[in-house]
Amino acid sequence: SKRQSHLELESELATLKQVIDLVPQRVFWKNRDCLYLGGNIAIAKDAGFSDPKDLIGKSTQDIVLDVDGRALEGDIRTMKTREHMVNVELQHQTKKEGDKWYRISKSPLENNLNEVIGVVGTYDDITELKQIQLELQKAKDELEDRVNERTLDLKLSNGKLTKTLKELKKTKTQLIDTE
């Protein structure tokens, strides 16, 4: 019956929504105008919303201060070229938390006529990972500087010792010659 089919479809949609909300990455999809058509609870929370429905009709600029336009540029390029953007790391300035790093993947969203109707994407907040990488690089650079300084100190000490040994040998030779 029609009612049974409708209930089954509602159940499938509810299950699909639950699955998308359980994905730890942020999941979103946008139309050709780069306006959000939907997303999971994780991206809604990033945007400061309690419900993913609040994303609908908003742009990335409404949510993220896309100062250099890279997010919008990535959406447009993905739709235009139909090329998948996979695990690209980008830095964005957010309205609430300042600079954040994201690992983003995007793919063109197509209808059943194979026409691009939008973009679907995921991202992870990798800000903490980037901070750790920067700290590790800083520690590595400091250690290399210390090793270089120590190596120079050792070369200078070695030069002084070599000079002192030569002088001692010369003095020894002079003493032997005077005996």
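Residue numbers (my numbering): 4 to 182. Cβ atoms here follow ideal geometry from the backbone N, Cα and C, with glycine treated the same way.
- Under DSSP, Ile107 takes part in a beta bridge, and its partners are Val91 and Tyr126.
- In the DSSP annotation of this structure, Lys48 is not part of any beta strand (DSSP E); the continuous alpha helix (DSSP H) holding it starts and ends at Ile44 to Asp49.
- Collapsing the DSSP output to three states places Lys61 in coil.
- DSSP links Phe31 through a beta bridge to Gly42 and Gly124.
- One thing to note: Val119 has its Cβ within 8 Å of the Cβ of Arg85.
- Boundaries of the alpha helix (DSSP H) harbouring Val22: Lys5 to Leu25, taken from the DSSP string.
- In the displayed model, Asp54 falls within coil according to three-state DSSP, outside both helix and strand.
- The Cβ neighbour count for His9, taken over all protein chains shown within 10 Å, is under 16; the residue is labelled exposed.
- Judged by beta-carbon spacing, Lys33 lies within the 8 Å limit of Asp78, meaning their Cβ atoms are closer than that value.
- According to the DSSP assignment, Asp36 belongs to no alpha helix (DSSP H), since it is labelled neither H nor E.
- In this structure the stretch 92-108 lies against the stretch 128-141, because at least three pairs of beta carbons, one per stretch, are closer than 8 Å.
- Between Leu38 and Lys5, the CB-CB gap reaches or exceeds 8 Å.
- By the C-beta density criterion, Leu137 is exposed, having fewer than 16 other C-beta atoms within 10 angstroms.
- Every candidate alpha helix (DSSP H) stretch fails here, since none sits fully inside the stretch 154-180 while reaching 4 residues.
- Here the stretch 42-53 lies against the stretch 21-28, with 3 or more beta-carbon pairs under 8 Å apart.
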